[in-house]
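Colleague: Taken in order, these protein sequences are the chains called H and G. Oh and the first sequence: position 18 is 17 in numbering that gives the first Met the number 0, straight run, nothing missing. Oh and the second sequence: position 16 is 15 in numbering that gives the first Met the number 0, straight run, nothing missing. One structure, pasted below without further comment.
There are 2 protein chains.
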Amino acid sequence: MSTDAILDASLLEQIAFDAAGLVPVVAQQFDTGEVLMLAWMNRDAVRETLLRRQVCYWSRSRAALWRKGETSGQHQRLVELRLDCDGDALLALVDQSGVACHTGRRDCFYRAARPQGWTPIAEPLVAPERLYRATADH
Amino acid sequence: MSTDAILDASLLEQIAFDAAGLVPVVAQQFDTGEVLMLAWMNRDAVRETLLRRQVCYWSRSRAALWRKGETSGQHQRLVELRLDCDGDALLALVDQSGVACHTGRRDCFYRAARPQGWTPIAEPLVAPERLYRATADH
Chain H
0 MSTDAILDAS LLEQIAFDAA GLVPVVAQQF DTGEVLMLAW MNRDAVRETL
50 LRRQVCYWSR SRAALWRKGE TSGQHQRLVE LRLDCDGDAL LALVDQSGVA
100 CHTGRRDCFY RAARPQGWTP IAEPLVAPER LYRATADH
Chain G
0 MSTDAILDAS LLEQIAFDAA GLVPVVAQQF DTGEVLMLAW MNRDAVRETL
50 LRRQVCYWSR SRAALWRKGE TSGQHQRLVE LRLDCDGDAL LALVDQSGVA
100 CHTGRRDCFY RAARPQGWTP IAEPLVAPER LYRATADH
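Printed below as a string of structure tokens:
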């Protein structure tokens, strides 16, 4: 069997993709434990991520493979991919270059529930316009 | 306005629930950073979680509110709820009593991608049959 066929049989077949062919993925910084973002992968994105060891998602808004960092430079190197007990969620331990969020913040979960509403608890580390030129990475 | 109405206007209205009325939630142990599980909430589950400060999910398999720990005793006390940049994913910082996973493991992401397949990297800390009597919590 080719590498692809082995990968398909041993790993991809065990993932319970949803009706749209997607699985949610939690990206966590491998050494600090920060939860960086939640995104989605289809079968091709999981395969590419495992083969290239660089995280590739499926962009639901663009309906295309989303090679994280391709336009922003903020790559995620894959350290380890984990599957949950039900087979329907992935945890990607990654090494994030720079910031994960398209707003320029380190992670996407920067708003906390407070009595007065969702309240920002982190500032951008990079101006978003410095991350992107013509196209959006998010 | 009642507490409920304030909660709805200030917090629930900002969440982008999907077509099924659900939002994915990452549960993370607040002090160690462990990613415990990924589950789903509907509007009522978010409201109850914020009001009771005990995590309540929506069980897609049972189509019912799932008060985490109700049958297993493995509760999740809410420390903070966070919303992501797109408003379509939540991060719940929790204090997990015992184990999060119905297999008796501390977290649900106990299988790592290896060339030979998904490989368990954690053992159960509690026998699943000790967690459940007649009904399942998961």
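Even glycine gets a Cβ: it sits at the ideal position worked out from N, Cα and C.
Under 7 Å, Cβ to Cβ, is there at least one residue of chain H near G:C55?
Modeller: With respect to chain H, the C-beta atom of G:C55 has no partner C-beta closer than 7 Å.
Colleague: How would you write the range of the alpha helix (DSSP H) that H:A4 sits in, first residue to last?
Modeller: 2 to 9
Colleague: What residue ranges within the region 35 to 107 of chain G form continuous beta strand (DSSP E) runs of no fewer than 3 residues, ordered along the chain?
Modeller: Taken in chain order, the complete beta strand (DSSP E) segments of 3 or more residues contained in the region 35 to 107 of chain G are 55 to 58, 63 to 66, 75 to 82, 89 to 95.
Colleague: Quick one: grab the DSSP three-state call for G:P123.
Modeller: coil
Colleague: Measuring only between beta-carbons, confirm whether H:Q13 sits less than 7 Å from chain G.
Modeller: yes
Colleague: Are any of the Cβ atoms in chain G nearer than 7 Å to that of H:L37?
Modeller: H:L37 counts as touching chain G.
Colleague: For H:S60, does the count of other Cβ atoms within 10 angstroms reach 16, so buried, or fall short, so exposed?
Modeller: By the Cβ-count criterion, H:S60 is exposed, with fewer than 16 other Cβ atoms from all chains shown falling within 10 Å of its own Cβ.
Colleague: Determine, for H:S1, whether the minimum Cβ-Cβ distance to residues of chain G falls below 7 Å.
Modeller: No - not a single Cβ of chain G is within 7 Å of the one on H:S1.
Colleague: Would a C-beta distance cut-off of 7 Å place H:V24 and H:L89 closer than the cut-off?
Modeller: yes
Colleague: Using 10 angstroms around the beta-carbon of G:R51, count the other beta-carbons present and answer buried if the total reaches 16, otherwise exposed.
Modeller: exposed
Colleague: Do you know how far the Cα of G:Q73 is from the Cα of H:T70?
Modeller: 43 Å
Colleague: Assuming contact is defined by CB atoms lying nearer than 7 Å, are H:D87 and H:A15 in contact in what I supplied?
Modeller: Yes, Cβ-Cβ distance for H:D87 and H:A15 is below 7 Å.
Colleague: Using a C-beta cutoff of 7 Å, does G:Q95 count as contacting chain H?
Modeller: no
Colleague: Looking at G:V54 and G:Q28, is the spacing between their C-beta atoms short of 7 Å?
Modeller: no
Colleague: Measuring CA to CA, which of H:V98, H:V45, H:C100, H:S1 is closest to H:L82?
Modeller: H:V45
Colleague: Roughly how many angstroms separate the alpha carbons of H:G20 and G:D94, rounded to a whole number?
Modeller: 33 Å
Colleague: Does DSSP classify G:A135 as helix, strand or coil?
Modeller: Because G:A135 sits at a pLDDT of 48, beneath the cut-off of 50, its placement in the model cannot be relied upon, and the following sentence gives the value as read from the coordinates. Coil, per DSSP.
Colleague: Taking the continuous beta strand (DSSP E) assigned at H:Q28, which residues delimit it?
Modeller: Per DSSP, H:Q28 belongs to the beta strand (DSSP E) from 22 to 28.
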